[in-house]
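S.K.: Before I ask anything, here is the structure I am working with.
Next up, the structure:
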């Protein structure tokens, strides 16, 4: 009876030890899995941040290009106005000279 009791205690101790080892193994796997998921999540977040930064930079560049285009268009319009005024001034000068010649002939 004593040996049977000792064998029973030894068997229970062995089962408890195996259960502890299984729990430790499960916890190790869980920690590894959590670590893998955490790394994947961190990588995905980094990708999102980088993508958002690229998008913001592209928007800034597009706005800068629009601004430069608007400034260029304004400069073209200003130069066209200057050219129109110069042409009108040349025409007025030609008319004054023609008038002066007509008066000189008369």
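Numbering (the numbering used here), first residue to last: 44 to 149. For every residue, glycine included, the Cβ atom is placed at its ideal position computed from N, Cα and C.
1. In the DSSP assignment, find the alpha helix (DSSP H) that holds residue 50 and state where it starts and stops.
2. Between the C-alpha atoms of residue 90 and residue 72, what's the straight-line distance to the nearest angstrom?
3. Rounded to whole angstroms, what is the Cα-Cα separation between residue 99 and residue 114?
4. How many Å lie between residue 124 and residue 92 at the Cα?
M.R.: Judging by the given coordinates:
1. Residue numbering aside, residue 50 sits at position 7 when the chain shown is read from its first letter. Start and end: 45-148.
2. The residue given as residue 90 occupies position 47 in the chain shown. The residue given as residue 72 occupies position 29 in the chain shown. Each residue's CA atom was taken as its position, placing residue 90 and residue 72 some 27 Å apart.
3. By one-based count along the chain shown, residue 99 stands at place 56. By one-based count along the chain shown, residue 114 stands at place 71. Rounded to the nearest whole angstrom, the CA to CA distance from residue 99 to residue 114 is 22 Å.
4. Translated into positions along the chain shown, residue 124 becomes position 81. Translated into positions along the chain shown, residue 92 becomes position 49. Residue 124 and residue 92: Cα-Cα distance of roughly 48 Å.
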